[in-house]
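My numbering puts the sequence shown at residues 104 to 331. We put the beta carbon where it would ideally sit given N, CA and C, even for glycine. Here the structure comes first, spelled out in structure tokens, and everything after it is commentary.
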Amino acid sequence: MTDQQAAKPNPRIGGRPSLPRRVWSAIVRESAPPPIPRPAPGEEQLAGGHLAVGVIDDAIEDGPGSDVQGSDTLVISAEVPGQVTLHRRVTCPLPMPGSGRRLVDRTITFRHATLDPCFVNDVLVVRWPDEVTRALEPFRPTGPGALRARAWRFLSGCGAVIAVGGILLTVVTLIGVIFTGGALFADLPAWFRPGVALTASMSAAVLGPIAYVICESRVHRVPSEGRQ
Numbered sequence: 104m105t106d107q108q109a110a111k112p113n114p115r116i117g118g119r120p121s122l123p124r125r126v127w128s129a130i131v132r133e134s135a136p137p138p139i140p141r142p143a144p145g146e147e148q149l150a151g152g153h154l155a156v157g158v159i160d161d162a163i164e165d166g167p168g169s170d171v172q173g174s175d176t177l178v179i180s181a182e183v184p185g186q187v188t189l190h191r192r193v194t195c196p197l198p199m200p201g202s203g204r205r206l207v208d209r210t211i212t213f214r215h216a217t218l219d220p221c222f223v224n225d226v227l228v229v230r231w232p233d234e235v236t237r238a239l240e241p242f243r244p245t246g247p248g249a250l251r252a253r254a255w256r257f258l259s260g261c262g263a264v265i266a267v268g269g270i271l272l273t274v275v276t277l278i279g280v281i282f283t284g285g286a287l288f289a290d291l292p293a294w295f296r297p298g299v300a301l302t303a304s305m306s307a308a309v310l311g312p313i314a315y316v317i318c319e320s321r322v323h324r325v326p327s328e329g330r331q
């Protein structure tokens, strides 16, 4: 054997793999099953885990080509002691697609069993943003103070009706006074006074929304007062 033959590397020993071997390796990589996702901790582990306050950074929607468009996926980040930033993902409780956008930059409180920054399934939300709480609360209040809450809700509905009626009556009265010179009210009873009706309708248009806002605030406040 010459010196040149001895210096030439043997491809079968330490050189580049042969073509059939490279093709076979590529086939094995393509046909390999996807990695099994890490199982999420159980509720008992999460309930006894650490508490963290994070921020909703983004809301991911299903693509337009998806067969079924469900709830959004919320991307959460939270700073914890030890200069660690946790990244978690959770399904938005609001069912409408795109509703998660309203929750971006809102604060969310959750529990986690590990300090793994990228363990996205390690999350149990214990407090959603106020927008979610208001959207998911039942229309018919239950529990302590439910009767008072229903009464305030009825009054808020009355305030809304008064506001809408006042706005419509104001428009009709203004049209009759300005454009017809009062002829629109000629067939009405003699006791009807356009000026008085206009004043009353404008007052209703102003006071109705105020009453609605006050009563609605009481609807949301009564259940919390009953739990104290």
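Fully contained in the stretch 208-267 are the following alpha helix (DSSP H) runs of length 4 or more, in chain order: 233-239. When the five nearest sequence neighbours on each side are left out, the beta carbons in the same chain lying within less than 7 Å of the beta carbon of Cys221 are those of His190, in order along the chain. Linking Thr188 to Glu182 through their CA atoms gives a straight-line distance of about 5 Å.
Looking from the CA of Leu271, the closest CA among Thr217, Ala303, Asp160, Val126 belongs to Ala303.
In this structure, DSSP gives Thr176 an extended state, which the three-state scheme calls strand. Of Ile281, Ala129, Gly269, the smallest CA-CA separation from Ala307 is found for Gly269. The three-state secondary structure of Ala181, taken from DSSP, is strand.
Closest in C-alpha terms to Pro297, from the list Ile281, Leu310, Gly311, Pro312, comes Ile281.
Going by beta carbons, Tyr315 and Gly248 fall outside the 9 Å limit.
Taking every protein chain shown into account, the CB of Gly284 has fewer than 16 other CB atoms within 10 angstroms, so this residue is exposed. The straight-line gap separating the alpha-carbon atoms of Ser320 and Trp255 is approximately 9 Å. In the DSSP assignment, Ala293 falls outside any alpha helix (DSSP H), carrying neither H nor E. The continuous stretches of beta strand (DSSP E) do not include Ala150, which lies in the alpha helix (DSSP H) extending over residues 146-150. Between Arg214 and Leu227 a beta carbon distance of about 5 Å is seen, short of the 8 Å cut, so the two are scored as contacting. Taking the C-beta atoms as reference points, Gly157 is found nearer than 9 Å to Ile211. Burial is judged here by how many other beta carbons sit within 10 angstroms of a residue's own beta carbon; Ser259 has at least 16 and is buried. The beta carbon of Ala216 sits closer than 7 Å to the beta carbons of Pro144, Gln148, Leu149, Gly152, Asp225 from its chain, once the five residues preceding and following it are set aside; these are given in chain order. Pro312 has its alpha-carbon roughly 28 Å from the corresponding atom of Phe288. Annotated as proximal: Leu177 and Arg192, with beta-carbon spacing under 9 Å.
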